Amino acid sequence: MKILIRATNWVGDAIMALPALRAVRKRFPDAEITIVARPYVADIYRDQEICDQLIPYDPKGLHAGFSGRERLAAELRARKFDVALLLQNAFDAAWLAWRARIPERIGYARHARSFLLTHSVPLPRQGEIPAHETYYYLELLRRAGWGHSVKDETFIGLRVPDEKRRSADEFLSKSGVRQGAMRIAVAAGASYGSAKCWPPLRFAEVANRLQWETEAEIILFGTAGRPLISPGKPQLPICLRCSRSASSSSATIPARCTLLLLLACPSSPCLAPPIRTERPRSRRAAALFSKSLTAAHVFSAAARPIIGA
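Right under this line is the structure:
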């Protein structure tokens with residue numbers, strides 16, 4: 225059996241989809257699984273043992289324009305896949321699988337693409353599944369008949385080879401991170417505007433309180449073109465500039481931290497473990513919801529797994 229999986233385009237979504245990808249690998253251990261993904265997402269998946277092949281999809285380079293997409297569709301068609309699982313919601317993902325003449329095409333019924341799918345899966349209604357995005361991808365598998373239970377497949381972890389661990393640790397050391405100190409990564413940016421971002425002063429308050437309580441190193445990540453916050457005292461944070469084109473080695477840096485604090489998503493803040501919240505009903509509601517979260521709420525959720533608060 226040959227399975228094609230179209231991955232999501234954004235790094236955060238790609239990581240949230242890892243439990244679903246591992247569930248597919250577990251269900252079809254002997255299948256030949258290929259993932260089509262943007263180059264920066266392919267870098268994250270490269271060491272995760274979830275597929276046999278990765279095909280980078282570069283719409284700004286090799287696969288630019290209609291002719292570029294046709295070139296990729298022809299390459300996929302030549303590989304004669306049996307089924308396509310579309311984790312990406314876009315019309316383009318369904319069109320590509322259809323042009324590749326893959327006989328079974330599974331995806332959520334979104335963006336007017338149902339007629340291109342052989343198994344158009346209805347979207348979960350409000351409250352049907354937990355709000356955390358991991359369940360969104362796992363529910364697609366369940367509704368497609370690929371998983372009877374999604375409850376035990378929710379752990380999100382990145383496998384990092386020893387060589388990359390050493391490289392990331394060396395990079396952090398050169399950047400000023402104290403050896404042996406607890407590391408807390410803070411991602412305070414977003415690609416699509418301030419509506420998706422928590423107010424910077426609240427990031428600063430949480431970072432300060434965590435630093436006081438744990439004597440941790442605070443490591444700030446920011447997207448290209450977006451200013452990084454500065455938590456101030458008790459000590460300056462380590463600032464690392466990241467982008468969607470980050471190399472595979474830089475993508476391992478968050479995996480070398482004790483905790484990642486990420487509130488640049490429209491549904492809920494992500495911690496380890498994540499805060500469980502109700503999904504806002506609209507983009508405007510998401511913005512209001514994000515800004516209504518207090519620093520005390522996020523601090524207590526972040527502190528619980530590391531200091532037992």
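For the sequence shown, the positions run 225 to 533 when my numbering is used.
Note that CB positions come from ideal geometry on N, CA and C, so glycine has one too.
For clarity, every value in this text was computed on a predicted model and none was experimentally measured.
- If only uninterrupted alpha helix (DSSP H) runs of at least 4 residues are considered, those enclosed by the segment 227 to 268 are 235 to 240, 242 to 251.
- For K226, the closest of Y264, C275, A244, R262 by C-alpha to C-alpha distance is C275.
- Here the C-alpha atom of D393 lies approximately 10 Å from the C-alpha atom of D386.
- Counting every other CB atom within 10 Å of its CB across the protein chains shown gives W422 a total of 16 or more, marking it as buried.
- Annotated as proximal: R329 and L340, with beta-carbon spacing under 8 Å.
- Here I259 really is in contact with I229; their C-beta atoms are around 5 Å apart, less than 8 Å.
- Assignment of beta-bridge partners to R433 by DSSP yields no partner.
- Per DSSP, the unbroken alpha helix (DSSP H) holding R301 starts and ends at 289 to 303.
- Per DSSP, reduced to three states, the secondary structure at A428 is helical.
- Each of I326, Q435, E273, E429 was checked against the Cα of I530, and the nearest Cα belongs to Q435.
- Closest by C-alpha distance to A314, out of R301, A333, E357, L444, is A333.
- In this structure, DSSP gives I530 a helical state, which the three-state scheme calls helix.
- Short of 7 Å from the beta carbon of I326, and not among the five residues preceding or following it, lie these beta carbons of its own chain, in chain order: L228, F305, V307, A308.
- In the three-state reduction of the DSSP assignment, R323 falls in the helix class, which pools H, G and I.
- For the options G289, S291, A261, the alpha carbon positioned closest to that of L278 is the one of A261.
- A straight line joining the alpha-carbon of A526 with that of A317 spans about 36 Å.
- The three-state reading of DSSP puts A368 in coil, since its state is none of H, G, I, E or B.
- In the structure shown, E352 adopts coil according to DSSP, grouped into three states.
- Between the alpha carbons of E439 and A519 lies a gap of roughly 18 Å.
- Of the candidates R383, A255, A241, R383 places its Cα closest to the Cα of E273.
- Per DSSP, the unbroken alpha helix (DSSP H) holding A392 starts and ends at 386 to 398.
- P424 and G236 have their alpha carbons spaced roughly 19 Å apart.
- The DSSP-derived three-state label of L517 is coil.
- Under the DSSP assignment, E328 falls in the beta strand (DSSP E) whose first and last residues are 328 to 332.
- The Cβ atoms of V430 and L485 lie closer than 8 Å to each other.
- Under the DSSP assignment, H343 falls in the beta strand (DSSP E) whose first and last residues are 343 to 345.
- If you draw a straight line from the Cα of A297 to the Cα of L320, it is about 6 Å long.
- In the structure shown, the three-state DSSP call for P283 is coil.
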